[in-house]
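These notes concern the structure reproduced below.
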Amino acid sequence: MQSLEYKGSGFSYISVYPEVTSSLASNPSASFKLNYAQDYDQSSGSLDLTLINTPNRVNPRLTFRLTNETIPSASGFYTIEIEEGLVQRRTWSATDTKWSLANFEWSDTTPISGFTILDNDRAWISGSDNPAFTQYTSPQENGQYITYHG
């Protein structure tokens, strides 16, 4: 279970042990995203994630950074899915870019050829719709109580 809080600025961090580790241990991609769906109204979307550690076969744990203002503002339980973008090197038979429009290096592995699901999880998001009670409305609401230990 992940816990995230909607804020106006800054970063949040999540850490997961992925269910799929084959591509991560040898060559993690630079493209990760978090898909979410709220359990109450089924609203959904996706967030970009930045991998901040280097996973390996011994320790496949992934730690991601995400921007706080991209977190949904509605509080509640969410179903989340973390995906890794699959990259592939360009080959002459697979590219359809005109020679005059090409401005990339052949060694560049930026193109995403698809996504693989790394982890499914649940999340509680504390959004901006939670009221903050910091002051009582009248003096009669100040209460006292006594506890007795026997």
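With this note's numbering, the residue at position 129 of the sequence shown is 1043, and numbering never jumps. Glycine included, each C-beta is placed from N, C-alpha and C at the ideal position. Everything numeric in this text was worked out from a predicted model, so none of it was measured.
Where the beta strand (DSSP E) containing residue i begins and where it ends
i: E919; result: Q916 to E919
i: T964; result: S958 to L965
i: N949; result: F946 to Q952
i: Y1062; result: Unbroken run through Y1062: none, as it is neither H nor E.
Contacts around residue i, its chain only, beta-carbon distance under 6 angstroms, and the 5 residues preceding and following it disregarded
i: I928; result: Q916 and F978
i: S936; result: With a pLDDT of 49 at S936, under the threshold of 50, the modelled position of that residue is not reliable, and no figure is offered here.
i: T984; result: L961
i: N967; result: T977
i: G1028; result: L1000
Presumed contact (8 angstroms Cβ cut-off) between residue i and residue j, rounded CB distance
i: S989; j: G922; result: Actually they do not touch by this definition, with Cβ atoms about 16 angstroms apart.
i: I996; j: D1033; result: 5 angstroms
i: Y920; j: R975; result: That pair is no contact at about 25 angstroms.
i: S945; j: G999; result: 3 angstroms
i: P986; j: I1039; result: 6 angstroms
i: L963; j: L980; result: 6 angstroms
Own chain partners of residue i with C-beta closer than 8 angstroms, once the 5 adjacent residues on each side are dropped
i: S960; result: K947, L948, N949 and Y950
i: N982; result: E919, Y920, K921, G922, S923, G924, F925 and S926
i: R1036; result: M915, Q916, F991, Y992, T993 and I994
i: E933; result: I1031, L1032, D1033 and N1034
Those residues which DSSP pairs with residue i across a bridge
i: V930; result: L976
i: T1030; result: E998
i: A1037; result: Q916 and Y992
i: T981; result: F925
Residue i beta carbon near the ligand COA (any heavy atom closer than 7 angstroms)
i: N949; result: Ligands are entirely absent from the displayed structure, and the ligand COA is therefore not among its contents.
Cβ neighbours of residue i in the same chain (closer than 7 angstroms, five flanking residues each side left out)
i: Y1062; result: none
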